[in-house]
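Residue numbers (the UniProt record's numbering): 1 to 286.
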């Protein structure tokens with residue numbers, strides 16, 4: 001589920017009669033967005049995940065609340081489970097068989113289990129590729145081969161919000177930004193990366209917005225009403241807040257806060273979780 005054509009194919013498979021059973025394997029953004037998309041058009045939607053709850057990256061509490069949201073709307077979740085095989089005939093799937101032996105009716109199956117880098121063609125070239133298949137770049141998006149640039153999902157590039165440590169982030173908005181920066185540098189107009197990742201998704205009527213970067217938060221501080229889906233979550237590594245997820249405008253404010261070089265600490269949150277908002281550049285966020 002990465003292109004407009006993929007979406008059109010899914011729509012064609014679902015049809016308009018609400019008579020199709022959909023099985024989705026995965027628990028990530030693509031899996032849950034696909035479940036939300038299919039729900040009003042399908043007879044049933046089942047998400048099969050090897051994790052205890054969806055969107056594990058958000059932690060147990062938030063992932064658990066998102067699981068409740070989907071169950072409330074009628075999506076069936078099979079946690080700690082995987083699809084063992086698919087059954088069907090004539091080129092059409094009919095059932096998804098779980099690893100515990102249960103057979104789920106399945107007219108449409110969506111595999112949302114991750115992706116791999118399509119960089120095999122670079123093996124043996126002078127453009128370095130790391131062990132995962134991403135292409136390391138400098139702060140100008142130049143690769144190990146002078147005058148060759150990389151951007152988008154494959155770029156293992158410095159992230160300002162990650163203390164300029166490198167990361168490969170797969171998101172169209174960042175890919176657009178990379179294209180702009182790389183083009184400037186190709187033309188000799190030096191432009192250094194200043195990346196503050198910002199993502200959002202809408203799941204069953206609730207918008208979730210995320211900014212910053214952390215590979216492994218050791219604590220998540222939640223301010224607000226998680227049950228009512230009116231909250232802000234602060235993802236901490238040590239004493240530093242590295243990312244924010246919210247269902248309000250706090251995420252946009254934190255993106256601006258990070259972009260000017262500010263740092264927020266967990267002790268500051270514990271004293272007053274909203275004080276930092278007064279330090280957001282005026283006129284940037286409404």
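Even for Gly, the Cβ is constructed at its ideal location relative to N, Cα and C.
All figures in this text were calculated on a predicted structure; none of them were measured in a lab.
Taking 7 Å as the limit between beta carbons, can you name the residues of its chain near residue i, skipping five residues before and five after?
| i | result |
| --- | --- |
| residue 150 | 135, 137, 141, 143 |
| residue 35 | 24, 45, 47, 70, 75 |
| residue 43 | 18, 19, 20, 21 |
So, for residue i: in the same chain, excluding its five sequence neighbours on each side, which residues have a beta-carbon less than 6 Å away from its beta-carbon?
| i | result |
| --- | --- |
| residue 111 | 25 |
| residue 123 | none |
| residue 223 | 232, 273 |
Would you call the CB atoms of residue i and residue j closer than 8 Å?
| i | j | result |
| --- | --- | --- |
| residue 148 | residue 117 | no |
| residue 267 | residue 239 | yes |
| residue 70 | residue 204 | yes |
| residue 86 | residue 57 | no |
| residue 210 | residue 159 | no |
| residue 226 | residue 65 | yes |
| residue 201 | residue 29 | yes |
Looking at the structure shown, is residue i part of a helix, part of a strand, or coil, going by DSSP?
| i | result |
| --- | --- |
| residue 62 | helix |
| residue 148 | coil |
| residue 85 | strand |
| residue 139 | coil |
| residue 305 | Nothing about residue 305 can be read from this structure; the chain reaches only from 1 to 286. |
| residue 104 | strand |
| residue 224 | strand |
| residue 19 | coil |
| residue 213 | coil |
| residue 4 | helix |
| residue 120 | helix |
| residue 219 | strand |
Provide the residue span of the beta strand (DSSP E) that contains residue i, from first to last.
| i | result |
| --- | --- |
| residue 77 | 76-78 |
| residue 245 | 240-246 |
| residue 202 | 198-203 |
| residue 95 | 92-98 |
| residue 56 | Per DSSP, residue 56 belongs to no beta strand (DSSP E) and is neither H nor E. |
| residue 165 | 165-167 |
| residue 175 | Premise fails: residue 175 lies in the alpha helix (DSSP H), 172-186, not in any beta strand (DSSP E). |
| residue 231 | 230-237 |
Count the other C-beta atoms from every protein chain shown that fall within 10 angstroms of the C-beta of residue i, then say buried if there are 16 or more, exposed otherwise.
| i | result |
| --- | --- |
| residue 4 | exposed |
| residue 91 | exposed |
| residue 247 | buried |
| residue 132 | exposed |
| residue 276 | buried |
| residue 107 | buried |
| residue 286 | Its pLDDT being 43, under 50, residue 286 is placed unreliably by the model, and nothing is read from it. |
| residue 162 | buried |
| residue 280 | buried |
| residue 180 | exposed |
| residue 182 | buried |
Which residues mark the beginning and the end of the alpha helix (DSSP H) in which residue i is found?
| i | result |
| --- | --- |
| residue 36 | 29-38 |
| residue 251 | 250-259 |
So, for residue i: in the same chain, excluding its five sequence neighbours on each side, which residues have a beta-carbon less than 8 Å away from its beta-carbon?
| i | result |
| --- | --- |
| residue 174 | 152, 195, 197 |
| residue 103 | 87, 95, 96, 97 |
| residue 67 | 53, 54, 77, 79 |
Quick one: does residue i have its CB under 8 Å from some CB of chain B?
| i | result |
| --- | --- |
| residue 77 | Absent from the structure is chain B; it holds one protein chain and no more. |
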